Amino acid sequence: QVHVVESGGGLAQPGGSLRLSCAASGNRFDVTVVTWFRQAPGKQRELVATITGGGRANYADFTKGRFTISRDNAENTAYLQINSLKLEDTAVYYCRIQTRADFYWGQGTRVTVSL
């Protein structure tokens, strides 16, 4: 079993930045792909960015250079840096960990962008 915990969300102003973290823990697992999703109020969950074990990243079109996904394999932690925050970035951000056996989700961290 893998336990996934997101953190780093909070209240921010437009134009600000946040760094979200996704920490995985458990017994003997190999994290392959890490994916960040988000779900805005009243909307479906959408993919934000993905990073492979080798560090190759892919982003949804809406990220437009404002989001950066990274990972520290030694610490089993992934990050999502969000710059130039916009009101529409308000959402719960979820991390999904993929191992060779299964997918694991965290409970999410809430990001609220407000004036």
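Just so we're aligned: the sequence shown equals residues 18 to 132 in the numbering used here.
A virtual CB, placed ideally from N, CA and C, is assigned to each residue, including glycine.
In this text, all values refer to a predicted model and were calculated from it rather than measured experimentally.
Legend entry - Bridge partners - LEU64, DSSP secondary structure assignment: Answer is PHE54.
Inset, instruction - Look at ALA41 and TRP53 and say whether their C-beta atoms are less than 7 Å apart. - result: Cβ distance not < 7 Å, so ALA41 and TRP53 don't count as in contact.
Legend entry - Sheet register partners of SER131 (DSSP bridge): Beta-bridge partners assigned by DSSP to SER131: none are found.
Legend entry - Counted within 10 angstroms of its Cβ, other Cβ atoms place LEU102 as buried (16 or more) or exposed: By the 10 Å Cβ count, LEU102 comes out buried.
Legend entry - Short Cβ contact (7 Å threshold) for TYR121 with VAL19: Yes; because the gap between Cβ atoms is below 7 Å, this pair is in contact.
Inset, instruction - Grab me the residues of GLY32's own chain with a C-beta within less than 8 Å of its C-beta, minus the 5 sequence neighbours each way, in chain order. - result: The residues are SER101, LEU102.
Inset, instruction - Name the two residues that bound the continuous beta strand (DSSP E) containing ASP89. - result: DSSP places ASP89 inside the beta strand (DSSP E), whose first and last residues are 84-89.
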